[in-house]
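First up is the structure itself, then whatever we jot down about it.
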Amino acid sequence: MNTIAVFGSTGHVGTATVRRLGQSGASVRAVVRRTSTAGRVEGADAVVQADLLDPQAVAAAVEGCDGVQVICPVSPVAPDPAAEMGALAESLAEGLRDFPSLPVLVISDYGAQIPAGTGIPTLFHQIEERLGELPNPLTLVRSAEHMHNWAPQLPTALRTGTLASRHQPLTRPLPMIHAADVGTITADLLLSPPPHSGSPRVVHVEGPRRYTAREVAAALAAVTGGVITARELPREEWEPTLTAAGASPAFAELHADFCAAHNKGLIEPPAGADIRRSRTALDAALASVISVAGVGG
3 MNTIAVFGST GHVGTATVRR LGQSGASVRA VVRRTSTAGR VEGADAVVQA DLLDPQAVAA
63 AVEGCDGVQV ICPVSPVAPD PAAEMGALAE SLAEGLRDFP SLPVLVISDY GAQIPAGTGI
123 PTLFHQIEER LGELPNPLTL VRSAEHMHNW APQLPTALRT GTLASRHQPL TRPLPMIHAA
183 DVGTITADLL LSPPPHSGSP RVVHVEGPRR YTAREVAAAL AAVTGGVITA RELPREEWEP
243 TLTAAGASPA FAELHADFCA AHNKGLIEPP AGADIRRSRT ALDAALASVI SVAGVGG
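See below:
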């Protein structure tokens with residue numbers, strides 16, 4: 003029986019990965035960052051605590067495993083997200099040093115193949131480059147933007163009747179995916195034969211089709227029973243609205259750069275990319291998130 007370590011096992015993606023692996027008969031070692039969540043990971047055979055910034059803890063978490071999944075979320079409150087991601091990459095590389103044959107799957111981001119000028123994806127470029135230096139069989143799963151990322155705007159959208167969008171024009175179709183579908187796809191990849199060492203497998207994942215900001219507003223309205231229309235948020239308001247919501251200035255700048263790159267059509271898989279499409283439609287994904295949050299019209 004394969005034993006797979008899943009870092010970030012309590013998040014949207016990790017939870018789905020653990021569930022799928024368990025259903026497939028694999029033994030799952032859920033790795034959590036905080037001891038308060040230990041013992042509460044449904045479907046895991048074991049739960050261990052490890053901070054990704056602690057190489058020794060990373061090594062202990064993966065010892066004896068046949069594969070590992072890593073997700074490095076970008077903290078919106080980090081004063082220097084780039085430095086934090088760089089430190090995570092170094093810690094992971096150090097923690098995996100003694101396990102050169104261990105297959106590693108890293109959840110990355112659309113646009114991560116571009117080294118600069120795209121905001122948040124450049125942070126994942128750091129991770130890809132650093133872990134690509136290791137001898138481990140490496141799978142990079144570049145995920146489109148998660149559909150649930152629109153949900154935090156719902157209370158304001160219901161109150162004002164408008165969904166402010168940094169993605170422009172409002173008619174531009176955007177790649178998105180239900181986060182749980184990412185976890186299901188990565189679980190299947192973890193159970194498949196690993197790629198050859200020195201030749202990373204790169205997989206792009208997005209939903210069944212692309213959606214415009216107007217369609218997002220319509221889906222939110224349909225799910226909640228409210229009246230919501232999309233509007234373009236002026237460029238000068240992008241960063242101030244993010245910092246007002248609690249983001250650090252550095253993160254706000256990265257997110258604004260990401261949206262600007264998206265609007266220029268830069269956040270796309272390269273030509274000939276392996277693209278996997280999931281099944282969950284936007285309205286179903288938003289409905290699942292909103293039902294959990296208990297938000298409605």
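So the sequence shown is numbered by the numbering used here: it starts at 3 and just counts up by one.
Even for Gly, the Cβ is constructed at its ideal location relative to N, Cα and C.
Please read these numbers as outputs of a predicted model, since none were measured by experiment.
Straight-line gap, residue i to residue j (C-alpha atoms, nearest Å)
i           : j           : result
residue 196 : residue 248 : 40 Å
residue 109 : residue 289 : 24 Å
residue 281 : residue 257 : 27 Å
residue 67  : residue 7   : 6 Å
residue 52  : residue 142 : 22 Å
residue 151 : residue 130 : 23 Å
residue 279 : residue 163 : 32 Å
residue 218 : residue 204 : 28 Å
residue 16  : residue 186 : 9 Å
residue 158 : residue 166 : 9 Å
residue 35  : residue 58  : 14 Å
residue 172 : residue 188 : 31 Å
residue 124 : residue 114 : 6 Å
residue 73  : residue 269 : 20 Å
Burial state of residue i, where buried means 16 or more other Cβ atoms lie within 10 Å
i           : result
residue 79  : exposed
residue 229 : exposed
residue 177 : buried
residue 307 : Given that the chain is displayed from residue 3 to residue 299, the structure contains no residue 307 and the question cannot be resolved.
residue 42  : exposed
residue 209 : buried
residue 201 : exposed
residue 198 : exposed
residue 25  : exposed
residue 274 : exposed
residue 259 : buried
residue 227 : exposed
residue 27  : exposed
Closest residue to residue i among the options (Cα-Cα distance)
i           : options            : result
residue 9   : 218, 211, 27, 61   : 61
residue 237 : 174, 293, 169, 215 : 169
residue 232 : 93, 155, 48, 42    : 155
residue 213 : 273, 284, 260      : 284
residue 277 : 139, 31, 14, 111   : 111
residue 46  : 26, 21, 56, 89     : 21
residue 12  : 25, 4, 26, 49      : 49
residue 147 : 5, 34, 287         : 287
residue 63  : 271, 226, 145, 30  : 30
residue 95  : 44, 83, 128, 123   : 128
residue 181 : 59, 291, 4         : 291
residue 223 : 264, 262, 272, 153 : 153
residue 84  : 103, 104, 117      : 117
residue 132 : 90, 104, 194, 216  : 90
C-beta atoms of residue i and residue j nearer than 9 Å
i           : j           : result
residue 87  : residue 70  : no
residue 255 : residue 134 : no
residue 107 : residue 192 : yes
residue 98  : residue 136 : yes
residue 81  : residue 246 : no
residue 207 : residue 293 : no
One or two residues paired with residue i in a DSSP bridge
i           : result
residue 71  : 8, 107
residue 179 : 148
residue 276 : 205
residue 234 : 167
Beta carbon proximity, residue i to chain B, threshold 9 Å
i          : result
residue 35 : Any reference to chain B falls outside this structure, which holds one protein chain only.
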